[in-house]
Each structure stands twice: as C-alpha cells, then as structure tokens.
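Since the structure comes first, as structure tokens, the remarks are kept for the end.
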Amino acid sequence: MRPFRFSLQAVLTVRMDREGKALEAFAKAQAAFEAIAASFRLIQKEIDDTLGQRRDALRTAASSEAVQQMQQGLRALKEAAQRCQAELQRAQASLDEKSKVLLEARRDREVVDKVRQK
C-alpha cells in the first residue's frame with residue numbers, strides 16, 4: 057500500500073484566500089484614510105488662505121462686516137478640521153487593525169509555503 061502524501065495545497069489555497077481578503081480590506085482602509093487625509097489637507101489650506109485674507113483685510117480699511125464674516129468662516133473651518141482630525145484618527149486605528157490582520161494572514165501563508173517546500 058502506498059503511503060499517504062498530503063500536499064498542503066488545500067491549506068495553502070485557504071491561506072492565500074484569507075491573505076487576499078485581508079489585502080483587499082487593508083487597501084480599502086488605506087483608501088479611506090487617504091481620502092480623509094486629503095480632505096484634512098484641503099481644510100488646512102482653506103484655513104491658511106482665510107487667515108491670509110483676514111490679515112490683508114485688517115491691513116486695509118475693510119468693513120467690520122467683512123472681517124466678521126471671515127472670522128465666522130474661520131471658526132467653521134476650524135470646527136470642520138477638528139471633526140476631520142477625529143475621523144482621521146479613527147481611520148488610522150482601522151488601518152492599523154487591518155495591517156495587523158494582513159500581516160498575520162501573510163505570516164500564516166508563508167508558514168505553509170515553507171512547510172510545503174520541505
């Protein structure tokens with residue numbers, strides 16, 4: 057009777073599938089993080105632009121209404137930046153979690169690859 061040989065192909069396929077799904081989840085989390093980061097950078101640029109406009113308006117004889125509108129706009133932008141920063145932190149936590157899952161899946165697949173090669 058021939059000895060049974062287990063090729064580990066089924067285990068490798070499952071591990072590769074798990075790694076692929078983890079990679080997809082990581083890519084989605086990274087894309088979400090990048091989108092939020094881009095939004096945050098845009099808000100920061102708008103804040104800088106508004107500060108520059110306000111500085112220029114204060115140097116010239118601008119109306120108090122215009123300065124007040126700029127100040128209100130600046131407050132709204134700062135609040136939006138704070139909300140965006142909170143979202144950015146949540147997205148970073150999610151990205152870190154997905155990265156850990158991906159690394160575990162990759163490590164598991166590599167173990168099967170090494171055992172299979174021997």
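My numbering puts the first residue of the sequence shown at 57, with every later residue one more than the last. For each residue, glycine too, the CB sits at the ideal point set by N, CA and C.
- When C-beta atoms of the region 78 to 93 are compared with those of the region 146 to 159, three or more pairs fall below 8 Å, so the two segments count as touching.
- Per DSSP, the continuous alpha helix (DSSP H) segment holding Ser120 begins and ends at 120 to 173.
- Assignment of Ala117 by DSSP, reduced to helix, strand and coil, places it in the coil class.
- Taking one beta carbon from each stretch, the region 74 to 81 and the region 129 to 142 have fewer than 3 pairs nearer than 8 Å; the two do not touch.
- By the neighbour-count definition (other C-beta atoms within 10 Å, threshold 16), Arg165 is a buried residue.
- Ser63 carries a coil assignment under DSSP once its states are collapsed to helix, strand and coil.
- The three-state secondary structure of Arg58, taken from DSSP, is coil.
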